[in-house]
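One line per chain: the protein sequences are D and G, in this order.
Converting from the first sequence to the working numbering requires adding 24 to each position, the first position being numbered 1.
Converting from the second sequence to the working numbering requires adding 3 to each position, the first position being numbered 1.
One structure is given here, and the rest of the page talks about it.
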Amino acid sequence: MTDEVESLFSRPLLPLANEADAEASCAAAAPRIVAEDGHAYVVHVIEKAGGAPDKASVEQRETVAEDIFSLARGVATEAGIELDTDLRFGTDVGDAILDAAEDIDATAIVFTPRGGRSWWDLFSGDVRDRLVRDSDRPVVVLPAQHADHSETTDGET
Amino acid sequence: MTDEELAKDLGPLAALTIGIGTMIGAGIFVLPGAAVKEAGPLAAGAFVLGGIIAIFTAASASELGTAMPKSGGAYYYINHALGPLFGSVAGWGNWMGLAFASAFYMTGFGQYVVTFLPVPSLSIAGITISGVKLVALAGGALFVFINYVGAKETGKLQNAIVLILLAILAVFTVFGLLNADLAKLRPFVPPDKGISPLLPVTGLVFVSYLGFVQITSVAEEIKDPGKNLPRAVLGSVIIVTAVYALVLVTVLAAVDNSLVAGNETAVVDVARHLIGPVGAGAMLFGGLLATASSANASILASSRINFAMGRDQIVSSELNEIHPRFGTPYRSIGITGGFILLFILLADVGTLANAGSVLHLIIYGLLNVALIVMRVSDPEDYQPDYRVPLYPFTPIIGAITSFALIAFFANTIVLLAVGFVVFAMIWYAVYARGKATKQGILGKYILSRSEQMPDAAVSATTSFQPDGGYRVMVPLANPESEADLIKLAGSVAKARNGTLVGVHIEQVPDQTALESAREEFDFAEADELLEQARIDADKLGVPIETHTVLSHRSFEEVFDAAETYNADLMVMGWGPDSHGAPGRAESAIEEMTHSLSYDVLVLKDRGFDPSRVLVPTAGGPDSDLSASVATVMQEFYDSDVTLLHVADDKQEGEAFLREWAEERDLGDAKLVVETGDVERAIESHAADCSLLFIGATERGLLSRLVRGALVLNVVDDVECSVLLAEQSRQRSLRERLFGSD
């Protein structure tokens, strides 16, 4: 029976929120993807206000997305992994990630912890909880690999 | 929905409410007291006159907005059309104008709060801060904080706020009309002053007309901007003007002038008089909402302007870093917030209003001039969906009225405006000119017609052109040659304190539209290539910017890109697949390469090894480029440089070569003089070297190279890498900046 189940890391989707996150998640996932000879997918969501001005210019955030994707590609190239990127726009970041996972039939949604629960989750909504609660596919939380990431206390990793 | 539709999600109503929401706060809730005190019922005329002046500029802003729906709005149009000197004025003006206006809205907010919440004044070190200012500071800090953490709910709230405000004002106006007595409007013009207060009061209340231009600052997010942008911009000015005039006329017709004049929260007292406590409460609530939404929208708009300024290197792009967690341009918002709080502390409400108005009037004037420049120069890509009616009268009247109104401000305010313009120009000259690379349409237009233009105009234009340092462009096509090209180009850039510009040209088949290619193509390979270039440039410690250009042509585009990115030097690879095959238009290539406005180095790469460099020279200006690159190699890679000269007379040749070398800082190079056949001499010495320089000994080397018509036996016969150098055809600054015209 187990041979019919696909490995978690054969087609993982990595949602990347920012550059530090991209570095941590890709570094943590890469060896596991290599081990399964998997194909990596990364998604970044530009949050839209949905009918009101956004908190930052779209063009500005597309530049950020490009930087994030470059980092991911750098890690993938070094590890010898095939990687596809997906830039999405959505009013709900969690929804957009779940849609992205569905579109590629991801074997898992994979991310690294981004610091502790913080008071500003009140403002931003907690994407992590949304993924864990509503995903119909496995959600894998990997420990961030490098010591310097876990030492960061301001929640940016 | 496509990504495009998702990214552009501001509908017509949302766009309209940005304009109305920013404008309606000030005019009706804060200013009537001060305006009526100065001008009596004529104040209503001042609001209408302000609206008329605004509508001309609104028409121009609409046309420019539909042609260029870009983030940054008014600043972007002015920078694009008039160049970065005026761009600096417009960017700083818009930024600080919004900070002054926000400080003004917040002070108005404070005036409303203290009517029901007695806030004591605070004395620190002999300086007393009034209760109004304390509330203003707290409110300002709150709205800066909200934008700093980016609560997306506030944006949607704006729509609701605007609708509530309009409803409150409508009810208020109906009550006013029921009690109206036209006799109270007489004398309409104050008998003691005549119409002289009209223009100064128009200047004061003009701070009520800043909002429409903020719509253009989020133009990139507006759905179907060709239709919705002009509707929102013009619509908001018309609606707001009508509301101001109607409300003020009914107020003054319904109550005694004395109840309004000099009253900071006049509409509240008028509502109490007309409707009772419920009316007063509603107007109080309205005043708080209105001033808050104006400030909130202004803070948001100012971060877009910062972003656009950073994109053009008028300010450091570090200002625009996005917060990793909040996704907001937190630095920009934080600094804007600092200015707002400072202005609240330093200036009274009238000064804040005047400063906000005057800075925007400068922008409005320039905006109209920008429109005229775009129409006159008529660049190919200027295709506005909306065109101002009655051109050229509309923008001319818009420019004249905007600039002329400045003269009616108090001297101190005019002085502030002048000082500010001078500051922004000095900022450009000292800080931004060495970084900015984008040339204005106006500058290009003048320089391209330098024969017909007055000399003064040409020389002024030339001396204000952006000068983004020494820029070395590297067209990158394949990963094999990337590292070598970056090493070569990077060392030259570093020696001159310059910047590398890595450009990848993605060829798009003719049948695919560039726009759809942008969405559908997979750029992973290109991105990897450019990423690698960034890594290699980092290793050398040279700043690099990278661009991917989509084009139907490939080879020709290289030369266009060099113009676009203001290259001083282009370093390109040369091989069978380097940059695609040139298209059919040989004459066009001839044209392009005939009038190079930058130096070109072409590397025939057989492994980049600059340890032993051979520079053959026959003298003349064309080997100067080779010589200067050789000095860079010497300095950077400790290269052993050998200079080779082939002469008929050995002694004369040696004397020539020694002098030539010393003049070009190559005195320590090994000098070799041969007689006989040039090619054979080069080949025999090339056997010992790792990199051979060949200067263009005749014109058109590059174009013949491009066509494959160049047969240089030397290049094929030697085993080392060969660097072909072709010097720019133009050395004068004017020509270097603008083609062969």
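The C-beta atom is built at its ideal place from N, Cα and C for all residues, glycine as well.
Computed from a predicted structure; not experimentally measured.
Tell me, which residues are paired with residue i by DSSP?
i: Met-428(G); result: None; Met-428(G) has no bridge partner.
i: Asp-643(G); result: Arg-615(G)
i: Gly-576(G); result: Leu-606(G)
i: Ile-697(G); result: Leu-727(G)
i: Thr-549(G); result: Gly-505(G)
i: Met-476(G); result: Val-504(G) and Met-573(G)
i: Asp-150(D); result: Looking at the DSSP assignment, Asp-150(D) forms no beta bridge with any residue, so it has no partner.
i: Pro-39(D); result: Val-67(D)
i: Gln-510(G); result: Ser-554(G)
i: His-648(G); result: Val-676(G)
i: Arg-112(D); result: Val-69(D)
Would you mind working out which of the options sits nearest residue i, comparing C-alpha positions?
i: Tyr-212(G); options: Gly-134(G), Phe-659(G) and Gly-100(G); result: Gly-100(G)
i: Arg-35(D); options: Glu-83(D), Val-88(D) and Pro-162(D); result: Pro-162(D)
i: Gly-197(G); options: Trp-98(G), Val-122(G), Leu-255(G) and Glu-41(G); result: Glu-41(G)
i: Val-174(G); options: Leu-674(G), Arg-683(G), Gly-282(G) and Gly-36(G); result: Gly-282(G)
i: Ala-527(G); options: Tyr-65(D), Ala-52(D), Ala-76(D) and Asn-42(D); result: Tyr-65(D)
i: Asn-260(G); options: Ala-47(G), Ala-432(G) and Gln-510(G); result: Ala-47(G)
i: Ser-380(G); options: Leu-370(G), Asp-539(G), Ala-520(G) and Ser-451(G); result: Ser-451(G)
i: Phe-406(G); options: Ser-494(G), Pro-478(G) and Ile-365(G); result: Ile-365(G)
i: Pro-137(D); options: Asp-127(D), Asp-119(D), Val-156(D) and Leu-107(D); result: Val-156(D)
i: Leu-669(G); options: Leu-647(G), Ala-540(G) and Ala-274(G); result: Leu-647(G)
i: Pro-546(G); options: Ile-538(G), Leu-553(G) and Val-552(G); result: Ile-538(G)
i: Ala-633(G); options: Asp-651(G), Pro-613(G), Val-649(G) and Phe-112(G); result: Pro-613(G)
i: Asp-108(D); options: Ser-94(D), Ala-120(D), Asp-116(D) and Val-117(D); result: Ser-94(D)
i: Val-177(G); options: Gln-114(G), Ala-245(G) and Val-250(G); result: Val-250(G)
i: Ala-492(G); options: Glu-657(G), Val-635(G) and Lys-230(G); result: Val-635(G)
Please say whether residue j and residue i have beta carbons closer to each other than 7 Å?
i: Thr-502(G); j: Pro-469(G); result: no
i: Ala-257(G); j: Leu-277(G); result: yes
i: Leu-374(G); j: Leu-67(G); result: yes
i: Phe-191(G); j: Pro-44(G); result: yes
i: Gly-114(D); j: Val-69(D); result: yes
i: Leu-168(G); j: Ala-29(G); result: no
i: Leu-125(G); j: Leu-140(G); result: no
i: Leu-37(D); j: Ala-130(D); result: yes
i: Ser-296(G); j: Gly-505(G); result: no
i: Ala-672(G); j: Ala-684(G); result: no
What residues of chain D sit near residue i, judged by a beta carbon separation below 7 Å?
i: Gly-111(G); result: By Cβ distance, chain D contributes nothing, its closest Cβ being about 22 Å from Gly-111(G), past 7 Å.
i: Glu-531(G); result: Arg-97 and Thr-101
Under a CB-based cut-off of 7 Å, is residue i close to chain D?
i: Val-221(G); result: yes
i: Arg-307(G); result: yes
i: Gly-158(G); result: yes
i: Ala-10(G); result: yes
i: Ala-77(G); result: no
i: Glu-534(G); result: yes
i: Ala-17(G); result: yes
i: Ile-23(G); result: no
i: Ser-724(G); result: no
i: Gly-289(G); result: no
i: Gly-153(G); result: yes
i: Leu-166(G); result: no
i: Phe-310(G); result: yes
i: Asp-580(G); result: Reliability fails at Asp-580(G), whose pLDDT of 49 lies under 50, so the model's placement of it is uncertain and the value that follows must be treated cautiously. No, Asp-580(G) does not count as interfacial toward chain D.
i: Phe-140(G); result: A quick correction: the sequence has Leu, not Phe, at residue 140(G). No, Leu-140(G) does not count as interfacial toward chain D.
Using a Cβ-Cβ distance cut-off of 7 Å, determine whether residue i contacts chain G.
i: Glu-83(D); result: yes
i: Ala-73(D); result: yes
i: Phe-113(D); result: yes
i: Trp-144(D); result: Reliability fails at Trp-144(D), whose pLDDT of 48 lies under 50, so the model's placement of it is uncertain and the value that follows must be treated cautiously. Judged by the 7 Å Cβ criterion, Trp-144(D) is in contact with chain G.
Check the Cβ of residue i against every Cβ in chain G and list those closer than 7 Å, keeping chain order.
i: Asp-78(D); result: Glu-224
i: Val-88(D); result: Ile-325
Find the residues of chain G that neighbour residue i, judging by a C-beta separation of less than 9 Å, and give them in chain order.
i: Ala-51(D); result: Result: empty, since nearest Cβ-Cβ is about 16 Å, beyond 9 Å.
Check the Cβ of residue i against every Cβ in chain D and list those closer than 8 Å, keeping chain order.
i: Thr-331(G); result: Lys-79 and Ala-80
i: Pro-74(G); result: First, the amino acid is wrong: residue 74(G) is Ser here, not Pro. Those are Ser-81, Val-82, Glu-83 and Gln-84, listed as they occur along chain D.
i: Asp-6(G); result: Leu-111, Arg-112 and Phe-113
i: Ala-527(G); result: Arg-97, Leu-107, Asp-108 and Thr-109
Strictly below 8 Å CB to CB, what residues from chain G border residue i?
i: Phe-93(D); result: Asp-530
i: Ala-44(D); result: Pro-327
Given that residue i touches chain D, what residues does it touch there, using C-beta distances under 9 Å?
i: Leu-510(G); result: Correcting the residue identity first, residue 510(G) is Gln in this sequence and not Leu. Neighbours of Gln-510(G) on chain D: none; closest Cβ ~21 Å, over 9 Å.
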